[in-house]
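>
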């Protein structure tokens, strides 16, 4: 066990017994200045002010700091799980760094069905503990991020001859409420045929027996990830997006850090760490092969695709849980502002996670399934505003002839031969528990390495995420309108930023031009762009248009008409030259084209 001098832990070279690679030297021993201050459980996870900087400058300082001194834990992956791990570790007092080769949530974490749900369909696989766990986590997230996670009513119709008969469905919903401890958002209700059609008049009425009205929750997945990452930074974590891991460091045969390349500048950094965590989601097996080239695959990747269409074209009022008539899979039709998105598919995927997208077959499947339930909709590929697809990093267990939708959503922490900790499996709803399990393993490893006391678990189930300090959203909307915001803009700001909406309004008060809409008739304003760059570490045009403002999904041209003006503002703020600005525009148009590539495939499939 390394000796301590006046309570100060000695550098990691002592703990590992061998030095790090030549040319990488340690600075002075770690001291308490590296650790976040103690906080009471009621405080907001280190939040100081809604105007705390979280920008390109923050990132530059973080990269320099993580290269200058060793960290206790390096988290690779900036999706929801990596963000949760970084926050939990930092709150426990560990010197923490987290990097991602892209933007935060640029992978699976911004391509989900945007649901925080108990997992009603998991009852069919008898995964009762998973339903209980997810129901509890849904309640936690409704409390700590009320602006980003909100209750949503679902209608689940039952038809004569359906795969799941009405009696079984009703029994399942009672069990669903029971596993939530009867503390669901609200208890379910059973509706007769007439009541169902009054609620959803556009629904197919042939053979309709009735429907269940039950409750789950919806989220903005990208913003939930961003809020969690900001909370990690506020707790003391060193955070850098667009920073790719190119190699793992092995000074003593064990994984003790990583070589990190700044994707934007090309600069290389050596980040030394006592523990390295692989939280890269669908890229996890790729990173594991840097540790062990012959590592057996841990994951089964399945593609979940979605299409967004104008909500009025579908004709539904509430969120719909449906069973596709094509293959019996559970799917959703979900409201999102003026749009509805239909999803999801569940198809084995063997292409690179970097290239995943919705295919023509995905679009045909989703549109035909929705049209069966809403016959007057007559949705066609021309109605699709945007598409997206994400890869589920499911645990590869047993035979692969099991249907993807029947594959467990359990998670597991796996230690590789060099000590790399990989988190695999799981789902968005349970990310906080996944993070806790990983950090428990990190704490045990650090205790074994240098004898430090085991830190108590962080109260992440009680600490609000940034913007979630109050659940009085209507009060925040009223306050915003009193400051001159249009009601539509006020509601948008509160939904995106919660109690931090005031920070955006402060920008508008300093420059009234920032209060003008980016796209006529929409609520997003130019202050959003400034806020994204200065306080949300948006570094690329796609970071802003896709994951901060969602114009990529919300407008018929997917934000292309606004892209030039947004790029101009970002260029001024980030110091881009004309070449960089044009490259950002070109990259964004490429991503829009990828979202639309399904259309040509549909044409080939339907007109061979």
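In my numbering, the protein residues as written are 1 to 608. Every residue, glycine too, gets a C-beta built ideally from N, C-alpha and C. These figures come from a predicted structure and were not determined experimentally.
Roughly how many angstroms lie between the CA atoms of residue 262 and residue 287, to the nearest whole one?
Residue 262 and residue 287: Cα-Cα distance of roughly 17 angstroms.
> Is residue 342 close to chain C, meaning its C-beta is less than 7 angstroms from at least one C-beta of that chain?
Any reference to chain C falls outside this structure, which holds one protein chain only.
> Leaving aside the five residues before and after residue 190 along the sequence, list all residues of the same chain whose C-beta is less than 7 angstroms from its C-beta, in chain order.
Contacts found: 170, 210 and 212.
> Could you compute how far the alpha carbon of residue 76 sits from the alpha carbon of residue 422?
Looking at the two C-alpha atoms, the distance is approximately 10 angstroms.
> The beta strand (DSSP E) spanning residue 276 covers which residue range?
268-278 is the extent of the beta strand (DSSP E) around residue 276.
> For residue 31, does the count of other Cβ atoms within 10 angstroms reach 16, so buried, or fall short, so exposed?
At residue 31, the pLDDT of 32 sits below 50, so the modelled position is not reliable; the number obtained from the coordinates is stated separately. That one is exposed.
> Between which two residues does the beta strand (DSSP E) carrying residue 306 extend?
First-last of the beta strand (DSSP E) with residue 306: 299-310.
> Just tell me which of 360, 383, 496 and 471 has its CA closest to the CA of residue 607.
Measuring from the Cα of residue 607, the nearest candidate turns out to be 360.
> Helix, strand or coil for residue 380 per DSSP?
Residue 380 falls in the coil class under three-state DSSP.
> Using beta-carbon positions only, say whether residue 497 and residue 467 come within less than 7 angstroms of one another.
Result yes, Cβ atoms of residue 497 and residue 467 sit closer than 7 angstroms.
> How big is the Cα-Cα spacing for residue 585 and residue 571?
One C-alpha to the other measures close to 11 angstroms.
> Apart from the five residues on each side of it in sequence, which residues of its chain come closer than 6 angstroms, Cβ to Cβ, to residue 121?
330.
> On the three-state DSSP scale, how would you describe residue 432?
The answer is helix: DSSP assigns residue 432 an H, G or I state.
> Give me the Cα-Cα distance between residue 603 and residue 551, rounded to the nearest whole angstrom.
So the alpha carbons of these two residues sit roughly 26 angstroms apart.
> Rounding to the nearest angstrom, what Cα-Cα distance links residue 99 and residue 153 in this structure?
So the alpha carbons of these two residues sit roughly 37 angstroms apart.
> Can you tell me the Cα-Cα spacing of residue 225 and residue 88, whole angstroms?
So the two alpha carbons sit approximately 14 angstroms from each other.
> Given that a residue counts as buried once 16 or more other Cβ atoms are within 10 Å of its Cβ, and exposed if not, what is residue 129?
Classification of residue 129: exposed, given that the 10 Å Cβ count is below 16.
> Give the range of the beta strand (DSSP E) segment to which residue 215 is assigned.
First-last of the beta strand (DSSP E) with residue 215: 208-219.
> Only counting runs of 4 or more residues, tell me where the alpha helix (DSSP H) segments fall wholly within the segment 341-392, in order along the chain.
Segments of the alpha helix (DSSP H) lying fully in the segment 341-392: 360-373.
> Any idea if residue 283 is buried or exposed, counting beta-carbon neighbours within 10 angstroms, 16 or more meaning buried?
By the neighbour-count rule (16 or more Cβ atoms within 10 Å), residue 283 is buried.
> Between the C-alpha atoms of residue 43 and residue 178, what's the straight-line distance to the nearest angstrom?
Here residue 43 scores only 37 on pLDDT, less than 50, and its place in the model should not be relied on; the value that follows carries that caveat. When rounded, the distance between both Cα atoms is 32 angstroms.
> With a threshold of 6 angstroms (Cβ to nearest heavy atom), would residue 337 be considered close to the ligand NAD?
The model depicted lacks the ligand NAD and carries no ligand whatsoever.
> As an exercise, report each continuous beta strand (DSSP E) stretch of at least 3 residues that is fully enclosed by the segment 87-127, in chain order.
Listed in chain order, the complete beta strand (DSSP E) runs (minimum 3 residues) inside the segment 87-127 are 96-99.
> Using DSSP bridges, identify the partner residues of residue 332.
BP columns for residue 332 point to 321 and 343.
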